[in-house]
Structure formats: structure tokens, C-alpha cells
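In mature numbering (1 follows the signal peptide of the UniProt record, and there is no 0), the protein residues as written are -21 to -1, 1 to 657.
See below:
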């Protein structure tokens, strides 16, 4: 019999559970129970009597449960054969019996699971933390599975209740004649039921057994209940719509992304409030920076700091705000490409290709040298060096916006060189993101597999180069055969209606973005190439599109720079100000010197004077180091402390960038050409 394997444990379960006089008495009972389980401290005859009595009780419960299950099976067969019941009534009764069967079986399983848990606890050592941790993990897993089963049973009860209502409605309809309106509504009800069944995805049932899916305990948080009477109806509606926030045991917060019932429109009011708040506070912050002579983008970053976790902590949908801010990067690079014609790109493509590659190699070499001196792991040194070698394309694009950039005869325009190198760095960013999984594996690999990892990295580089060749070949085809007719069609259809023109240009930009993403190249490169292809149609086309897209870019850029401020922590900067200033100045000076050195080697002699401006534009750290740093921290490449240092150094370097840029402009650019957005 199944119960006999747990006789001694059932004896412990059936110990008297009434209130004891004091804690010492309870402790004596526990010690006595442990001795009983281990075969000590009990008279054999007394223990046999307890075993027989406990086994008899458990056996009686199990026999009674089997009898009830047989009766339920007979009842189900009887209901299915009853011709006097409608289909809805049969479905309801059968469903109810089946739920009761599951309840009995789950109750029996819970008893034996509890006995197994008690057995593990008694056999373990209470001083062994690892053993207790494993026992706790197993109990937690059992509780999660039990919660899921209970949730499914509750859903089935709701379905049974729905079947019962339908059965009652059918009985009422049979007893009375329906009006024409009632018949129409009944047909509509049936059609609505079919619609709900068709659009419902059963995502929970489909994914609960998928590999890598874990059951988690979460908290469901409703709106603040400061004024419960006034918000009662609102909370009831939110409860029905599923707009509450979920928080897991790791303090991650979740919101609804796709509702079960897609027929009801929903809006994330947290996200709406966040965007409205950012838009309102960005105005005074931007004005303040303009007054003191800083670019407005720093006002938007300050806005993010004030509203983020280190400030008022009023932003609830941080991930959603950052996602919307990414579109600011896309449109910024599109407008950069719109000003960056293919002719200018063809003029500086060698410098744009060689410069970033040389700088990255030199940064990694210096990083490995310092890492060896400071005893830092090579993978961590390579990652940090690569992060710091990248520069901010959106920031430099704002510096160049509105400036006059005319080429002298035989010279190279500094803006063309700078933007070309920044775009190449964006390509390197995509390459590095693709190589990162291999870098993670290399950090834990043995020396025998280093050759395989190097080979794998070389293969990845080859794939990226092939993808780049495919992208540029596609761009050549689009420029030669497609972009001209496409724009003329848009221009013809959009006369008197700019919506078609804006939508057509945006769709083309997103198409190029998707193509570069599918080819494992950075999405930013696709946006830049989209602008460059459209700019090939002439200056008038560029001016018309820029007037339409610039307002969209400006609003989304505000969201992007505010999202950067969400990751700036002033308290950490203040605590470690001396160390951070030293590190930031070291990085900025090193990048400036390396850029001057590289450009001195690859620039023509007639254009050597622009190396100072280009180097000043590259002497800061890209905001994409936030993205790389977060991925590396999750993967274990860098520690929390190194991650915070990267964030702080990146922020301070971006704050120093305008001063360095102005100094370079004042030194190298003639006075009529100094009109800049900075």
C-alpha cells in the first residue's frame, strides 16, 4: 500500500497538535519527534500502536476517496446518457464533477508532498545552510506548482459558472417566447462568445511547460488608495482591465503588454503621466541651460535626473520611456544622413573606415596594458576599453546642427570626417554586441578552448563584413533604381497633405532599419543610410523633408536625453568625485591624444588642421555604454562597482564635451564658420 512507505512519518504528523504550556514543552515534543523518527527514545510496543493507528486513519481516508471517485465517474456517465438534459446543462454538470475529482487527487498529492518534505527536514542537519537552502528551494517550487494548479482550478470554476449561467438562460428561453430584439441579442451573444474563443491565445497554458519558463511569486499593486471613496470606481475598472502593476521577488516591475480580451481598448496611464511630466519639466530645464550657455540637451538630462530613481522617483515606466527615446536616436541619425550626401561619404570613406578601427585597437591595447598592471581579467579589460572607445553620435550631431561647413578647394570638411567616423563606430557597436556572447564564454573558458573562441570571433567578424557589403550593395541598387521614383510618387501624392510625405519617409527609414537589423548590423546605420539615400535627390528635397521631420526628431530627442538622465546618480558622483574626475579626465585626454595621433597619420597634409576639431568631437564616451554596461553586468563580465564607474565617467565626459568642442572651434575654425548650435 502507498501509505506504508510513510508510516513512521505519518506517526509524526499525527502527534498531538494542541496548545502546549510553554516554549520549553514544545521544544521537548520536537526533540522527541526527531528521536522517534531516528528510532530512539520510544518503547517498541508504544511506537507500533501509534503506527497502526495512524496508518489505519490514512488508509480509511484513501479508501473513502477512491469510493467517491468511483461515484463521480458513474455520475458523469449518467449525465452524459441523460437525454432530458440540454448540451449546456450536461457540460456544466460534467465540468463540475471533473473539478471535484481534481480537487480530491490534488489533496492526496499535497499530503504525500508534505510527508516528503518532513522526511527531508528530519534527515537533514539544521546547522547545514546549504541543505536548508535546498529544502527551501524545493518547498518553494512545490508551492509555485500548487499555486499554478489552484489558479487553473479557479479558472475552471469560473468557466463552470459561465456554463451554469448559459444553462439557466437556455431553460428560461425554452419556457418563454422571445421577442425579436431578444433573439437578435442572443445571436450577438453567441457571436461574441465565438469571437472571444477565436482571439484568445491561451498564452499561459502554451508557455508554462516551455523550457526556461519559471513560476514566480508576484505582488499585484493597485493605484494609491489615499482617497478610497473617490477612486473606488476607477480601481474597479482597472481591476477588470488588468492595468495593475506586478512586482516579482527581485523587485522588477511589470505592466500589461497584451490583454486577454483584445476587444476592449486600454491605455497605460503610468506611461502617459511619465511623458507628460518629462515634457513639462524639460522646458524650464532647457531654458536654464540656454541662459547659462550650455546646450539644451543637458537640460533634458537634468530633467531625467530630477524625475528618475536618484531624484523624485516619479517615472514608473522607465523601460517604456527609454524605448520611446530610442526613436529620438533613429530620427537624429536620419537627419544626420540627410545632411551627409553620398558624395561627401565617398570623399572620406577611407578615413572613416580606418580611423575608428585604429582608435579601437589602440584603446584595447592600452586597456590590456593597464589591466595587466592592475591585475584585471583580460575579458573585462577588453570590454571596458571598447566601451570607452565609442563616442556619442547624437551629441556630436547636435554640435554640428546649423553650423556652416564649406569645403575649401582640395580640403576635407571636418564634419564629413567626424560623422563618417561616428557612423563607423555605430557599426562597431553592432559588431561588439554580436561578439559579446563569445566574450562571455571566453571569460570562463580554459586555455585549451581559447583557439576555438578566437576562431569563433573571426567568423563573427567575417559575417559582419559580409553583412556590411550586402547593405551597401543594396543601397547602391536603391539609389540607382528605386529612391528617385519613390520620392517623386510621394511628392505627387502629398501635395496639400504632408501626412503622406512624412509617413512615406518614416516608413522608408524603418525599412532600412529593419534590413540592417536582420543582417546583424546596427539599426542606427540603417537610419543614417536612409537619410543619405534621400539626400542624393538634391538640396530642395533635403530641405523639404528636413522641415517635416525636424519637429518629430526634436520631441523624441528630448525623451532620449531625459532617459539618459534616469541613469545618472548624483549621490554616487559626489561620494566618489575625486576618483571620477581623475578617471574622466584621463579617458578624455587619452581619447583626444589617440585621435590626434591616428588622424595625423591618415589625413592629407592639406587637411591636417581639422584633426583638432575631429579629435575634440570624439573625446567623450557614447551613451550606448549604458546599454553595453548593463548587458555585461547581467552576464557577469563586470561587477556592479565597475558598471557604476562606467556610467559616471560617461556622464561626466558628456558634460565636458561642449567645453572641449568650443575650444577646438575657437582655435581651428575661421570666425564666419563658428555659428553652431552649442
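We put the CB at the ideal spot given by N, CA and C, even for glycine.
To the nearest whole angstrom, what separates the beta carbons of residue i and residue j, a pair I think is in contact under 8 Å?
{"i": "residue 480", "j": "residue 490", "result": "Not really, about 16 Å apart at Cβ, beyond 8 Å."}
{"i": "residue 358", "j": "residue 616", "result": "6 Å"}
{"i": "residue 297", "j": "residue 623", "result": "Incorrect: roughly 17 Å between the Cβ atoms, too far for contact."}
{"i": "residue 293", "j": "residue 303", "result": "Not confirmed; about 17 Å, so no contact."}
{"i": "residue 241", "j": "residue 548", "result": "The Cβ separation is near 40 Å, so there is no contact."}
{"i": "residue 500", "j": "residue 443", "result": "7 Å"}
{"i": "residue 372", "j": "residue 401", "result": "4 Å"}
{"i": "residue 334", "j": "residue 581", "result": "6 Å"}
{"i": "residue 250", "j": "residue 299", "result": "5 Å"}
{"i": "residue 330", "j": "residue 399", "result": "7 Å"}
Take residue i as the anchor and find which of the options has the nearest alpha-carbon.
{"i": "residue 273", "options": "636, 198, 446, 646", "result": "636"}
{"i": "residue 488", "options": "549, 128, 531, 509", "result": "509"}
{"i": "residue 493", "options": "482, 505, 485, 484", "result": "505"}
{"i": "residue 563", "options": "356, 633, 257", "result": "633"}
{"i": "residue 607", "options": "366, 241, 407", "result": "366"}
{"i": "residue 629", "options": "552, 316, 69", "result": "552"}
{"i": "residue 408", "options": "77, 308, 601, 597", "result": "601"}
{"i": "residue 587", "options": "396, 40, 306, 483", "result": "396"}
{"i": "residue 232", "options": "238, 542, 198", "result": "198"}
{"i": "residue 128", "options": "282, 597, 85", "result": "85"}
{"i": "residue 531", "options": "561, 28, 75, 478", "result": "478"}
{"i": "residue 585", "options": "53, 238, 71, 393", "result": "393"}
{"i": "residue 598", "options": "639, 619, 476", "result": "639"}
{"i": "residue 379", "options": "644, 280, 123", "result": "644"}
{"i": "residue 267", "options": "253, 282, 529, 137", "result": "282"}
{"i": "residue 605", "options": "642, 398, 369", "result": "369"}
{"i": "residue 538", "options": "582, 257, 400", "result": "257"}
{"i": "residue 577", "options": "141, 109, 280, 341", "result": "341"}
{"i": "residue 363", "options": "375, 354, 230, 350", "result": "350"}
{"i": "residue 495", "options": "446, 542, 536", "result": "446"}
{"i": "residue 93", "options": "73, 79, 122", "result": "122"}
{"i": "residue 291", "options": "253, 247, 81, 308", "result": "253"}
{"i": "residue 503", "options": "270, 403, 113", "result": "403"}
{"i": "residue 642", "options": "613, 620, 109, 596", "result": "596"}
{"i": "residue 497", "options": "459, 450, 111", "result": "450"}
{"i": "residue 88", "options": "109, 69, 40", "result": "40"}
Run through DSSP, which three-state label would residue i get?
{"i": "residue 383", "result": "The predicted model places residue 383 with a pLDDT of 47, which falls under 50 and marks its position as unreliable, so this point remains unresolved."}
{"i": "residue 640", "result": "helix"}
{"i": "residue 402", "result": "helix"}
{"i": "residue 500", "result": "coil"}
{"i": "residue 117", "result": "helix"}
{"i": "residue 232", "result": "strand"}
{"i": "residue 514", "result": "helix"}
{"i": "residue 505", "result": "helix"}
{"i": "residue 456", "result": "helix"}
{"i": "residue 128", "result": "helix"}
{"i": "residue 241", "result": "coil"}
{"i": "residue 548", "result": "coil"}
{"i": "residue 631", "result": "helix"}
{"i": "residue 45", "result": "helix"}
{"i": "residue 476", "result": "coil"}
{"i": "residue 647", "result": "helix"}
{"i": "residue 66", "result": "helix"}
{"i": "residue 293", "result": "coil"}
{"i": "residue 600", "result": "coil"}
{"i": "residue 394", "result": "helix"}
{"i": "residue 353", "result": "coil"}
{"i": "residue 86", "result": "helix"}
{"i": "residue 617", "result": "coil"}
Please report the residue range of the alpha helix (DSSP H) in which residue i lies.
{"i": "residue 612", "result": "604 to 614"}
{"i": "residue 225", "result": "No alpha helix (DSSP H) holds residue 225; the beta strand (DSSP E) holding it covers 224 to 227."}
{"i": "residue 532", "result": "518 to 544"}
{"i": "residue 466", "result": "462 to 472"}
{"i": "residue 367", "result": "357 to 368"}
{"i": "residue 705", "result": "Here the chain has residues from -21 to 657 only, and residue 705 is not among them."}
{"i": "residue 568", "result": "556 to 581"}
{"i": "residue 252", "result": "248 to 270"}
{"i": "residue 281", "result": "275 to 286"}
{"i": "residue 658", "result": "The requested residue 658 is not part of the displayed model; the chain covers only -21 to 657."}
How is the beta strand (DSSP E) around residue i delimited, first residue to last?
{"i": "residue 200", "result": "197 to 200"}
- Task: Mind the definition here: the region 511 to 526 touches the region 268 to 285 only if three or more C-beta pairs lie below 8 Å; say whether that holds.
- Result: Touching, no, given that fewer than three Cβ pairs across the two stretches are closer than 8 Å.
- Are there three or more Cβ pairs, one per stretch, closer than 8 Å when the region 304 to 314 is compared with the region 564 to 575? no
- Please confirm if the region 47 to 57 is in contact with the region 109 to 119, defined as three or more CB-CB distances below 8 Å between the two stretches. no
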